[in-house]
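Visitor: One structure coming up, written as structure tokens, with questions to follow.
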Amino acid sequence: MDLLKKAIFAIATVSLLSGCQIGYLAKSAYSQANLLRRRIPVEDALKDSRLDSDQKRKLVLAQEARAFAETELGLSKTKNYTSYVQLEGPYVTYVVNAAPKDELKPHLWKYPLVGSMPYKGFFEPKGAEEEAAALKAEGFDTYVRGVTAYSTLGWFRDPILSSMLTYKDHDLVDTIIHETVHATIFVKSEADFNERLATFIGNKGTEAFYKKREGDASPTLKTIKADSVDQKIFGEFMKRELDSLEAWYKERKEKGLAFTEEERVARIKAIQEHFLSDVKPKLEQKDSYSKFETAELNNARLLNYRLYFEDLSQFEKVFVKLGSDFAKMLAYCKSLEKSDDPVADLKRKADEP
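Counting from 9, one number per residue, gives the positions in the sequence shown under our numbering.
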């Protein structure tokens, strides 16, 4: 009955949307409800002979991470990740990103409750591919990717998915914390802020988890810190490159300088060349961002990198100013839920003497 009530409320909030959008939301709501009906308690999953010992170990680890996120980090107490769903494939949803070919500006979709978002999700790959094809026909760059975990922002009791059990241990812990941040703090129509905050707290929280669990000499902690160093290097690199590409587009637009698709592709390809020459040799983990070298980049995919990997230094500065205290950091970020520009407010806080 709880699921039914929430579904009715969700449909009621979209009465002013177009018929096409209502159809999309209704189909998504049905798929979400169907997924949730397949949940089984983690206790039952641990007795399931179809799961191997490593999968069961990771289910227990996820419970430990969930408890740590709530009791040690101060994230919202929910019943998320107390159940399990076995998926039929490697992904739970498929997401479409889009952007104009001559500008680093995400195409936005409007939704009830959460506002404008730079992506649209589908439970079936066909829907995502059709959406991408329609946008390509309108002249947009597009990027379609499979998603292995997501948050319903506290609306439903999110389960652990079988796709999540393929992660490395510390990545699973990071994901549980990351998604719990989304269920704790969410600023409407501010995907960049929301994702970077969850990434930052996920990284820091995972370090704290393994420091408590294994001590300062933990080999896992060493790996996590190396990952954080690489993420910082890659984030700073992406900021430089995307700022430069943005300036390239802007200059041509302001001066009326036309450019061919071949020139644009070559300009984007140069970003990968800079990665190989300037960034890869500096990385502590040599396989970090290895997929970036051969990825088929366009504006939509580059903006997805910006969304998740751009420089997190402003969050780091504020965290340090607040005594590296998770509770204070979360309280401050929670206060930004009503901000008109949380990114600017965060920067002002970071720049305070």
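Using N, Cα and C, we set each Cβ at its ideal position, and we do this for glycine too. Since the model is a prediction, treat every value here as computed from it, not as a measurement.
#1: Quick one: give me the first and last residue of the alpha helix (DSSP H) that residue 228 is part of.
#2: Three-state secondary structure (DSSP) at residue 96?
#3: Counting only the same chain and skipping the five closest in sequence on each side, list residues whose C-beta sits under 6 Å from that of residue 238.
#4: Quick check on residue 32: does DSSP put it in helix, strand or coil?
#5: With distances taken from CA atoms, which of 194, 182, 244 and 45 is nearest residue 217?
#6: Does the beta-carbon distance from residue 167 to residue 99 come in below 8 Å?
#7: Starting from residue 123, follow its DSSP beta bridges and name the residues at the other end.
#8: Tell me which residue opens and which closes the beta strand (DSSP E) that residue 153 is part of.
#9: Check whether the segment 70-89 and the segment 202-221 touch, using three or more Cβ-Cβ pairs below 8 Å as the test.
#10: Provide the residue span of the beta strand (DSSP E) that contains residue 107, from first to last.
#11: Would you call residue 338 buried or exposed, if buried means 16 or more other Cβ atoms sit within 10 Å of its Cβ?
#12: CB-CB under 6 Å to residue 23, same chain, minus the five flanking residues each way: which ones, in chain order?
#13: Which of the three DSSP states is assigned to residue 129 in this structure?
#14: Determine the extent of the alpha helix (DSSP H) in which residue 5 is found, giving its start and end residues.
Guide: Quick answer:
#1: 227-263
#2: coil
#3: 291, 292, 293 and 296
#4: helix
#5: 182
#6: no
#7: 119
#8: 148-155
#9: yes
#10: 101-108
#11: buried
#12: Note that residue 23 has pLDDT 36, beneath the 50 cutoff, so the model's placement of it is unreliable and the number below is only indicative. The answer is none, since no qualifying residue turns up.
#13: strand
#14: Outside the shown range of the chain, which is 9 to 361, sits residue 5, and nothing can be said about it.
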